[in-house]
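> Residue 107 in the UniProt record's numbering sits at position 107 of the sequence shown, and the numbers go up by one each step.
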Amino acid sequence: MESGSIQQRLGFSKPFFLGIGGSGMSSLAHILADAGFQVSGYDGKKSQVTDNLEKKGVKIFSQLSDLGENIEYDSAIYSSAIRLDSHPIASFFRQKGIRFFHRSEVLHLCFEHLTCIAVGGSHGKTTTTAMTSHILNDLGYSPSVMVGGDVSFLNGVGGRFSSGKIGVFESDESDGTFLNHNAQVRILTNIDEDHLDFYHTREKLLEAFSRFISSGTQTVILDIDDPGISDCLELIQDRSKIFGFTSSTESNIKSAGFRNLVHYKIESKKLNFILDGKEFEITSRFPGKHYLTNSLAGVLATYSLGADPDKAAKSVSEYAGVKRRLEYIGNKNGVDIYDDYGHHPTEVQAVLSSIRELSGGRGKPVILFQPHRYTRTKNLYQDFAKSLDQVETVLLLPIYSAGEDPIPGVSSELIANKMRIRPRILTGNLGIDLSTLKEVLKPGDVFVSLGAGNVRDWGLELLKKTDTP
1 MESGSIQQRL GFSKPFFLGI GGSGMSSLAH ILADAGFQVS GYDGKKSQVT DNLEKKGVKI
61 FSQLSDLGEN IEYDSAIYSS AIRLDSHPIA SFFRQKGIRF FHRSEVLHLC FEHLTCIAVG
121 GSHGKTTTTA MTSHILNDLG YSPSVMVGGD VSFLNGVGGR FSSGKIGVFE SDESDGTFLN
181 HNAQVRILTN IDEDHLDFYH TREKLLEAFS RFISSGTQTV ILDIDDPGIS DCLELIQDRS
241 KIFGFTSSTE SNIKSAGFRN LVHYKIESKK LNFILDGKEF EITSRFPGKH YLTNSLAGVL
301 ATYSLGADPD KAAKSVSEYA GVKRRLEYIG NKNGVDIYDD YGHHPTEVQA VLSSIRELSG
361 GRGKPVILFQ PHRYTRTKNL YQDFAKSLDQ VETVLLLPIY SAGEDPIPGV SSELIANKMR
421 IRPRILTGNL GIDLSTLKEV LKPGDVFVSL GAGNVRDWGL ELLKKTDTP
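(1) Excluding sequence positions up to five away, which residues of its chain have a Cβ less than 7 angstroms from the Cβ of Ala183?
(2) Going by CA-CA distance only, name the one from Asp445, Val394, Lys442 and Asp405 that's closest to Ile425.
(3) Would you kindly work out how many angstroms separate the C-alpha atoms of Thr283 and Lys311, rounded to a whole number?
(4) Can you find the residues in the same chain that come closer than 6 angstroms, C-beta to C-beta, to Thr377, ignoring five residues on each side of it along the sequence?
(5) Does the beta carbon of Arg259 fall short of 7 angstroms from some heavy atom of the ligand FAD?
(6) Could you pull out every residue in the same chain whose Cβ sits closer than 7 angstroms to the Cβ of Gly57, ignoring the five residues on either side in sequence?
(7) To test your reading of the DSSP string, which unbroken beta strand (DSSP E) runs of 3 or more residues are found completely within the segment 114–196?
(8) Could you please give the first and the last residue of the uninterrupted beta strand (DSSP E) stretch that includes residue 536?
(9) So which of Arg373, Arg422, Leu107 and Glu392 has the shortest CA-CA distance to Asn454?
(10) Apply the 10 Å Cβ neighbour rule to Ile355 and answer buried if 16 or more other Cβ atoms are within range, or exposed otherwise.
(11) Opposite Gly330 in the DSSP bridges: which residues?
(12) Can Gln38 and Lys14 be called in contact, C-beta distance under 8 angstroms?
(13) Here's a check: name, in chain order, each residue in its chain whose Cβ is nearer than 7 angstroms to the Cβ of Phe6, leaving out the five neighbours to either side.
(14) Does the count of Cβ pairs from the segment 116–135 and the segment 163–170 closer than 8 angstroms reach three?
(15) Closest by CA to Leu397, which one among Glu439, Pro408 and Arg456?
(16) In angstroms, rounded to a whole number, what distance separates the CA positions of Ala208 and Ile82?
(17) Are there 16 or more other CB atoms within 10 angstroms of the CB of Ser65, so buried, or fewer, so exposed?
(18) What residues are listed by DSSP as bridge partners for Ile425?
(19) Could you tell me whether the Cβ atoms of residue 471 and Thr177 are closer together than 8 angstroms?
(20) Decide if the segment 276–290 is in contact with the segment 337–357; the criterion is three or more beta carbon pairs, one per stretch, under 8 angstroms apart.
(21) Where Asn137 and Asp308 are concerned, what is the direct C-alpha to C-alpha distance, given to the nearest angstrom?
(22) Of all the options Leu206, Ala385 and Asp238, which has the alpha carbon lying nearest to the alpha carbon of Ala257?
(23) Starting from the C-beta of Ser214, find all residues in its chain whose C-beta is less than 8 angstroms away, skip the five residues before and the five after it, and write them out in chain order.
(24) With a floor of 3 residues, list each beta strand (DSSP E) that falls wholly inside the segment 39–63, ordered by position along the chain.
(25) Is the beta carbon of Ser122 less than 8 angstroms from the beta carbon of Asn190?
(26) Closest to Leu206 by CA distance: which of Ile229, Thr219, Gly19 and Asp223 is it?
(27) If we count the other Cβ atoms within 10 Å of its Cβ and call it buried at 16 or more, is Pro365 buried or exposed?
(28) Between the alpha carbons of Thr201 and Pro443, how many angstroms are there, rounded?
(29) List the residues that DSSP assigns as beta-bridge partners of Ile242.
(30) Grab the span of the alpha helix (DSSP H) containing Thr201 for me, first residue to last.
(31) Buried or exposed, going by whether 16 or more other CB atoms sit within 10 Å of the CB of Arg186?
(32) In the DSSP assignment, find the unbroken alpha helix (DSSP H) run with Ser411 in it and report its ends.
(33) So, Phe212 versus Leu300, is the Cβ gap smaller than 8 angstroms?
(34) What does the Cβ neighbour count give for Tyr328, buried or exposed, with the cut at 16 atoms within 10 Å?
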């Protein structure tokens with residue numbers, strides 16, 4: 001379908017993005033720019049993300065005064081992270097009578113004419129979306145893509161509008177918008193207790209995911225070994241759409257009624273699975289079981305749309321990764337420096353398990369963790385403590401608010417006080433904190449900046465310092 005018809009369906013042609021530098025927002029901005037829209041946006045921080053958008057002709061403002069009075073925009077796009085009632089540009093646009101659209105609404109309208117794969121779950125969405133898109137791109141399907149991260153095969157960005165007939169997008173459960181689309185194929189990576197600030201109870205979270213499984217789709221790919229998914233399946237009566245996979249060889253009553261069930265095993269860092277009576281193998285450049293099972297989900301999703309499973313398995317084995325997903329960013333004086341977006345206890349646990357494989361006994365893992373959001377820290381600080389206790393050297397930054405108001409009594413000390421080891425709590429000032437890191441790091445160590453805020457800056461600054469150990 002031509003871009004003109006997309007503009008007609010959306011009802012605008014000159015969108016303005018509030019917070020265009022965010023991962024999901026920047027990806028959508030790339031999609032609209034590719035589709036012929038005149039895209040502009042605001043972000044208070046210049047970055048490689050905004051530079052990539054400007055190279056594509058997107059006009060970006062860093063302050064309200066630069067907009068001027070004679071604006072030409074016919075729509076404003078926002079995410080759930082934007083507080084429309086207090087955002088100064090939102091107030092300005094409202095006075096001008098400009099219409100507002102949530103980014104999820106725009107994405108779904110852009111992709112509604114395509115056969116779509118939506119990737120949902122508490123963890124691993126970005127990686128699995130990127131893997132699935134990589135397979136389809138590699139096999140010549142030329143998919144349109146929306147990933148909440150920067151992907152190598154998209155030349156370091158997270159969004160593309162393409163000529164193919166398939167779309168792949170990351171589906172966000174944090175605000176409930178993952179229930180507002182009609183993707184024909186859905187992947188569900190796992191279910192964990194996250195975003196309880198929105199859902200309030202685990203029961204409501206499971207009910208939302210049960211709707212994700214049950215409504216408006218043809219096939220749902222999911223890991224039935226995941227405890228959260230297993231509990232969610234208790235709520236599902238019609239299981240005829242479910243294409244499950246499991247490492248268990250025992251019959252399981254919870255798999256009754258599935259469309260298909262694939263068995264797999266992992267040995268020597270390889271995943272082997274049986275499909276249509278044939279055995280296939282998946283390998284990964286990245287350590288950890290979750291990379292292999294997410295790869296399998298991508299292979300099964302593309303297979304359900306007609307891709308050759310052998311070619312898909314070989315393709316995903318060459319997957320190069322997503323920025324901020326256990327991303328190697330350099331070495332300084334014998335210290336390997338990695339960065340990861342993990343900001344939930346389960347994600348933290350997975351990263352720390354993987355990093356032990358990477359260190360290989362040469363040195364010690366050193367984790368710099370930045371808690372993300374006051375509400376998440378309040379709800380999960382004990383779980384964070386248990387996950388971080390996997391390694392001996394942990395440093396904590398102050399909580400990154402992500403726009404939330406502080407909650408009295410909620411700080412990084414909540415996590416520290418529950419840990420078996422006593423972590424060092426840093427100041428949040430780069431210059432001061434780097435002196436502490438210099439004391440801790442030794443040649444052979446593996447350093448990981450971990451969190452969804454700006455913790456990556458500490459790792460990048462380490463690479464610049466000539467006096468780093």
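Each residue gets a CB set at the ideal place from its N, CA and C atoms; glycine is no exception.
Reading it off the structure:
(1) Cys116, Ile117, Ala118 and Thr217
(2) Val394
(3) 13 angstroms
(4) Pro371, Ile399 and Val410
(5) As presented, the structure is devoid of all ligands, the ligand FAD included, so that no description of it is given.
(6) Ala33
(7) 115–120, 144–151, 157–160, 166–170 and 185–188
(8) Because the chain in this structure spans residues 1 to 469, residue 536 falls outside the shown range and cannot be described.
(9) Arg373
(10) buried
(11) Ile337
(12) yes
(13) The amino acid occupying residue 6 in the given sequence is Ile; Phe does not appear at that position. Closer than 7 angstroms at Cβ, skipping near neighbours: Ala35 and Cys110.
(14) yes
(15) Arg456
(16) 23 angstroms
(17) exposed
(18) Leu396
(19) Residue 471 lies beyond the range of the chain shown here (1 to 469); nothing can be said about it.
(20) yes
(21) 13 angstroms
(22) This sequence places Gly at residue 257; Ala is not what is there. Measuring from the Cα of Gly257, the nearest candidate turns out to be Asp238.
(23) Ile236, Asp238 and Lys241
(24) 40–42 and 59–61
(25) yes
(26) Ile229
(27) buried
(28) 46 angstroms
(29) Val220
(30) From DSSP, Thr201 is part of no alpha helix (DSSP H); its letter is neither H nor E.
(31) buried
(32) From DSSP, Ser411 is part of no alpha helix (DSSP H); its letter is neither H nor E.
(33) no
(34) exposed
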